[in-house]
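Report on the following structure.
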Amino acid sequence: MFIRKITYQFKPEFDTEKDHKEMREALSRAFKDTEGMRSVSPVMPKVDGKYEVITVYDDEASARAATEKVQQEWNKFSHMLVEVPQIAHYGATLREYL
2 MFIRKITYQF
12 KPEFDTEKDH
22 KEMREALSRA
32 FKDTEGMRSV
42 SPVMPKVDGK
52 YEVITVYDDE
62 ASARAATEKV
72 QQEWNKFSHM
82 LVEVPQIAHY
92 GATLREYL
């Protein structure tokens, strides 16, 4: 399995439960059938107000193949965000080694 972390921050006027829900639902629909994606886990905001989403893929190839789709979907919400979401790849999960 392979992990991708996306970090983002809402502009203050969009940092509402309504906007969070709208974005979560739209991204969930968009990523539901993404090949190789096993799970999507939102993480509560950190002290600095940034949110994170952790996605787990079957392997690195699946994660890399989904990158364009992921970026396109996030771009639909760019007007709500302080900056472009930061995407980081972290590699194999510990579970693979247990």
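If you count by my numbering, then the sequence shown holds residues 2 to 99, one letter each, in order. Each residue gets a CB set at the ideal place from its N, CA and C atoms; glycine is no exception. Given the structure is predicted, the values throughout are model-derived calculations rather than measurements.
Worksheet item: Going by alpha carbons, who is nearest to M2 out of K51, K47, E74 and V41?
Response: V41
Discussion item. I'd like the list of long-range same chain contacts for A67, defined as Cβ closer than 6 Å, with 5 residues on each side in sequence excluded.
Written reply: T35
Item to complete: May I ask which residues mark the beginning and end of the alpha helix (DSSP H) holding E61?
Response: E61 to N76
Discussion item. Which residue marks the beginning of the alpha helix (DSSP H) containing K47, and which one marks its end?
Written reply: Per DSSP, K47 belongs to no alpha helix (DSSP H) and is neither H nor E.
Practice prompt. Could you tell me which residues DSSP puts in a beta bridge with R25?
Written response: Looking at the DSSP assignment, R25 forms no beta bridge with any residue, so it has no partner.
Worksheet item: Mind checking M45: buried by the 16 CB within 10 Å criterion, or exposed?
Response: exposed
Discussion item. Whole angstroms are fine: how far does the CA of L28 sit from the CA of P43?
Written reply: 11 Å
Practice prompt. Enumerate in chain order the residues of its own chain whose CB-to-CB distance from M81 is below 8 Å, with the five nearest sequence positions on each side excluded.
Written response: F11, K12, F15, D20 and M24
Worksheet item: Is I88 near R5, with beta carbons less than 8 Å apart?
Response: yes
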